[in-house]
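> First the structure, then my questions, so here it is.
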Amino acid sequence: MSPPHPLATVPPPLPPGWTEHVGPASQIYFFNTLTGDSTYVRPLPALPVSTPKEKPKIKTPIPGTDWLRVTTNQGNVFYTNKAKKESVWTVPDEIKDAVELLNKKEEDDKVQAEKESQEKAQRDAAAEQEREIERIRLEVQEVVKRKAEDVSPSDEAVVSKKPRVEDEPEEGEGTDDDQEEDWQREAAAQLAKEAEEEETRRQQEEAEAAQKAPEGAPQIQMPDRVDLSIEEGKALFKTLLREKDINPLHPWDTSLPLFISDPRYVLLPSVSARREAFDEYCRERARELRASRVKKEKEDPKEEFERLLTTEVKSTRTSWSDFRRQWKKDRRFYGWGRDDREREKRFREFLKELGERKRALAQKAEADFFALLRESGVAQQGAAWKEVKKAISADPRYDAVGSSSLREELFNTFLTSQSNRTVPDPSEKPVVDIAPVEGVDETQQRKDRKAQAVKEREVKIKAERDRVQTNIEKSRVDLNKEEGELQFRTLLTDAIREPQATWESSLAQLQSDPRFRYSSLSPGHQRHLFQAHVNQLRAKHLDNLQALFLSNAPSLATQFTALPVSSLLSSLPATKLGYDVFKLEQEFDQWQLTRTTGAREALRKIGGEGTEGGVKRDDDGDEDEGEGGGGNVDMKKLAKNVDITEMEKVLKGDKRYIMFDHVPEQRERWVRWLCSDYTKYRNTLLRLSAPKLSVHVGDRVGSS
């Protein structure tokens with residue numbers, strides 16, 4: 001393989017502003033001199049940004065010439081001659097005068113357009129000012145006219161009292177009013193000046209020219225005083241407050257910035273009059289809001305409670321405690337009923353009604369499903385549910401039965417009812433045809449036969465319906481029991497996670513769950529499932545604890561004192577099982593005893609291994625040995641001649657033998673006991689050390 005090219009290892013150059021440095025740990029880092037940032041990742045140079053291709057955007061013919069002035073999409077200008085097919089960036093000498101005239105004409109047109117736009121803006125502002133003054137005048141006239149028509153005695157009293165109060169003003173009050181009016185004029189003049197400066201600046205930025213905007217920007221000027229009475233000014237001031245939707249609970253100082261800039265603010269002559277009108281508005285508006293709230297509260301609270309039940313309670317397993325905890329602060333909940341007892345009673349009744357509705361819907365769905373099976377014609381004897389399901393799954397009556405297992409149960413019930421229908425019921429009376437009798441009207445006989453057929457059909461339908469209903473109830477009971485067990489096991493998995501839990505200590509916790517309260521299982525069945533669940537948890541933790549024992553005590557000779565007791569006590573299995581040192585030692589001794597018994601049994605099985613594949617004894621008892629079958633083997637004598645050390649040499653590599661290295665004398669006794677059994681010893685000896693050929697035959701073959 002050829003070495004890589006030297007240029008292939010050269011890193012890309014750093015972007016502008018970045019420098020490379022070596023840190024104290026000989027690690028390279030990069031520093032940006034512009035932003036002051038540092039990083040260990042090498043910054044990459046920015047990718048070149050593709051600029052759009054320059055194209056002509058505006059083509060302006062130059063009058064009296066064949067030249068065109070072309071402006072590109074990037075703002076560049078060049079001149080082209082279509083006749084000569086020539087393009088230049090500079091103005092040709094032959095058209096300089098024409099270009100100057102064209103530029104001057106464009107400048108004049110631009111100035112004229114700006115002037116026209118400014119004049120139009122001034123005309124629009126003046127028209128807007130006139131419309132605003134006319135609107136205020138009409139509004140004042142309307143208020144005056146309405147007040148003249150609707151004058152109440154209380155209003156007359158207020159009006160008659162007001163002039164007398166104002167006829168004798170104090171000297172200080174008049175001075176305060178004059179100062180207030182002077183301050184308002186100064187504030188209005190300052191606001192007008194700032195608005196004028198802002199408008200001038202905006203026009204200069206839009207025009208991008210050296211011309212200055214006219215100093216007198218159009219402004220709507222309200223007259224300093226409007227000749228209105230106090231009541232008319234109050235009415236307009238209250239209208240202003242209503243339009244601004246001023247909160248009646250907020251004080252004057254908080255609400256003032258919301259409406260002070262409105263022209264109708266100065267319709268009242270003094271601040272005290274405005275505050276008085278503001279207080280009246282707050283009282284009136286507060287009464288209106290209170291009246292609307294009372295009207296809303298007068299709505300039927302029982303209907304609101306029923307609507308809450310209908311919209312929020314969708315399952316019959318909903319508990320009252322959960323429902324109350326979720327909605328106890330809602331007006332629809334606490335607005336009806338004397339106390340929670342009455343509301344709970346209605347809640348229970350609603351659950352019963354909901355259950356009845358669901359039960360009726362379920363029965364209707366089952367009846368429609370039977371009708372679907374009859375109409376489809378595919379549900380015949382011997383038909384498979386998988387095939388029938390494919391044929392009817394598109395019908396809405398199929399989906400109306402929510403459970404797939406219930407559909408299959410109903411299908412089997414339908415097939416059973418069909419088979420029972422084909423066999424005549426001995427309890428049913430045979431159909432007796434009514435023979436025509438002379439002298440009896442033939443029409444009457446036909447009616448009698450029809451009535452008899454209808455009665456017999458009703459009896460058959462009733463019997464069939466009873467059988468189907470019985471089968472459905474039986475299937476539903478079995479299904480409910482299975483679903484109840486599954487749901488209760490799920491509850492135990494969610495709630496019971498401690499192996500030390502008992503039924504008595506966990507009963508209160510389980511009763512708080514709706515799945516326990518609405519369970520269809522008997523208490524004895526529930527307790528049985530609980531105990532099985534706890535035993536399963538305990539077995540899992542015991543397996544984990546025994547795995548810890550095995551990792552710390554691989555030998556049968558290990559004592560409890562040699563274990564890391566503190567570490568085992570703090571382990572998760574011991575903590576979950578609640579073991580102390582005494583219980584932990586008992587569990588370890590029991591585990592060692594079980595383990596020793598298993599190892600002893602495994603050692604005992606050594607003697608029985610290989611009997612299936614060993615040499616069978618002949619039926620006649622003449623098992624010859626030697627060349628040409630020269631003699632019989634005396635197995636008892638052979639067993640006496642076998643040394644126990646030879647057995648140990650064969651078994652020393654077996655793990656079952658090694659497990660008892662700590663008790664060699666006892667292990668030797670066990671091996672001798674194995675040898676005492678003649679049959680087992682014979683099979684073991686033949687499997688481990690019997691030659692395939694006779695010794696004499698082997699020697700002869702070797703010598704030859």
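Read left to right, the sequence shown gives residues 1 to 704 (full-length UniProt numbering).
Just so it is clear, CB atoms sit at the ideal spot from N, CA and C, and this is done for glycine as well.
Lysine 540 lies in the alpha helix (DSSP H); which residues open and close that run?
That run of the alpha helix (DSSP H) goes 523 to 552.
> Roughly how many whole angstroms lie between the Cα atoms of threonine 318 and phenylalanine 350?
Rounded to whole angstroms, threonine 318 to phenylalanine 350 spans 11 Å at the Cα level.
> Does the Cβ-Cβ distance between valine 378 and valine 388 come in under 8 Å?
Yes, these two residues count as a Cβ contact at 8 Å.
> Compare the C-alpha of alanine 273 against each of Lys234, His250 and Ile246 and name the closest.
Of Lys234, His250 and Ile246, the residue nearest in Cα terms is Lys234.
> According to DSSP, is valine 140 part of a helix, a strand, or is it coil?
DSSP places valine 140 in helix when its eight states are reduced to three.
> Are the Cβ atoms of glutamine 511 and arginine 517 separated by less than 8 Å?
Yes.
> Is DSSP giving glutamate 498 helix, strand or coil here?
Coil, per DSSP.
> Would you report the Cα separation of threonine 71 and alanine 83, rounded to the nearest angstrom?
When rounded, the distance between both Cα atoms is 19 Å.
> On the criterion of 16 or more Cβ atoms from any shown chain inside 10 Å, does residue 705 qualify as buried, or is it exposed?
Nothing about residue 705 can be reported from this structure: the residues present for the chain run from 1 to 704 only.
> Tell me, to the nearest whole angstrom, how far the beta carbon of valine 43 is from that of tryptophan 18; I am working on the premise that it is less than 8 Å.
The displayed chain sequence assigns proline, not valine, to residue 43. The Cβ separation is near 5 Å, so the contact holds.
> Using a Cβ-Cβ cutoff of less than 8 Å, which residues in the same chain neighbour asparagine 488 once the five nearest sequence positions on both sides are dropped?
The question names asparagine, yet the displayed sequence has phenylalanine at residue 488. These residues qualify, in order along the chain: Arg515, Phe516, Ser519, Leu521, Gln526 and Leu529.
> Would you list the residues sitting across from tyrosine 29 in a DSSP beta bridge?
Beta-bridge pairing links tyrosine 29 to His21.
> Contact defined as beta carbons within less than 8 Å: I believe leucine 548 pairs with proline 499. What is the distance between those atoms, to the nearest angstrom?
Not quite, the Cβ-Cβ distance comes to about 16 Å (not below 8 Å), so this is no contact.
> Looking only at its own chain, which residues have a Cβ that is under 7 Å from the Cβ of isoleucine 95, when we skip the five neighbours before and after it?
Within the same chain, isoleucine 95 has close Cβ partners Ile62, Thr65 and Trp67.
> Can you tell me whether phenylalanine 582 is buried or exposed? The criterion is at least 16 other CB atoms within 10 Å of its CB, across all chains shown.
By the 10 Å Cβ count, phenylalanine 582 comes out exposed.
> My parser needs the alpha helix (DSSP H) runs of 4 or more residues fully inside the region 285 to 314; what are they?
Counting only runs of 4 or more, we get 301 to 312.
> With serine 567 as the anchor, note down where its alpha helix (DSSP H) starts and where it stops.
Segment 565 to 569, the alpha helix (DSSP H) holding serine 567.
> Sort out for me which residues DSSP pairs arginine 123 with in a bridge.
In DSSP, arginine 123 forms no bridge with anything.
> Please name the residue in Thr316, Lys576 and Glu276 whose C-alpha comes closest to that of arginine 348.
The shortest C-alpha separation from arginine 348 is found at Thr316.
> Might you give, ordered along the chain, the residues of its own chain that have their beta carbon closer than 7 Å to the beta carbon of serine 506, omitting 5 neighbours on each side?
Excluding positions up to five away in sequence, the list reads Ile496.
> With DSSP collapsed to three states, give me the class of lysine 59.
Strand.
> Between which residues of its own chain and alanine 602 is the CB-CB distance below 7 Å, once the five residues before and five after are set aside?
Correct list, in chain order: Arg656.
> Using C-beta distances below 7 Å, list every residue in its chain close to proline 12, excluding the 5 sequence neighbours before and after it, in chain order.
Excluding positions up to five away in sequence, the list reads Leu44 and Pro45.
> Could you tell me whether the region 274 to 285 touches the region 299 to 306, using the rule of 3 or more Cβ pairs below 8 Å?
Counting Cβ pairs under 8 Å, fewer than three are found: no touch.
> In whole angstroms, what is the alpha-carbon distance linking methionine 222 and aspartate 124?
Low per-residue confidence applies at methionine 222: pLDDT is 46, beneath 50, and the placement is therefore not dependable, though the value from the model is reported in the following sentence. Roughly 17 Å separates the two Cα atoms.
> So is alanine 574 buried or exposed if we call it buried at 16+ other beta carbons inside 10 Å?
By the 10 Å Cβ count, alanine 574 comes out buried.
> Roughly how far, in whole angstroms, is the beta-carbon of methionine 659 from the beta-carbon of alanine 599, given that I think they are within contact range, below 8 Å?
About 5 Å; that satisfies the 8 Å criterion.
> Under the three-state reduction of DSSP, which class applies to phenylalanine 278: helix, strand or coil?
In the structure shown, phenylalanine 278 sits in a helix (DSSP, three-state: H, G or I).
> From the DSSP output, in three-state form, read off phenylalanine 78 for me.
Correct three-state label for phenylalanine 78: strand.
> Per the DSSP calculation, alanine 38 is bridged to which residue(s)?
Here the sequence assigns serine to residue 38, which means alanine is not the residue at that position. According to DSSP, which records beta bridges pairwise, serine 38 is partnered with Phe31.
> By Cβ distance below 7 Å, which residues in the same chain neighbour asparagine 552 in space, the five residues on each side in sequence not counted?
Answer for asparagine 552: Leu563 and Pro564, listed in chain order.
> Please report the distance separating the alpha-carbon of proline 523 from that of leucine 289.
Cα-Cα distance, rounded: 58 Å.
> Comparing the C-beta of glutamate 197 with each C-beta of chain D, is any distance below 8 Å?
No chain D is part of this structure, which consists of one protein chain only.
> What is the rounded straight-line gap between the Cα of aspartate 37 and the Cα of histidine 21?
Looking at the two C-alpha atoms, the distance is approximately 13 Å.
> In this structure, what does DSSP give as the bridge partners for threonine 71?
According to DSSP, which records beta bridges pairwise, threonine 71 is partnered with Ile58 and Val77.
> Can you tell me which residues form a DSSP beta bridge with glutamate 205?
Per DSSP, none; premise fails for glutamate 205.
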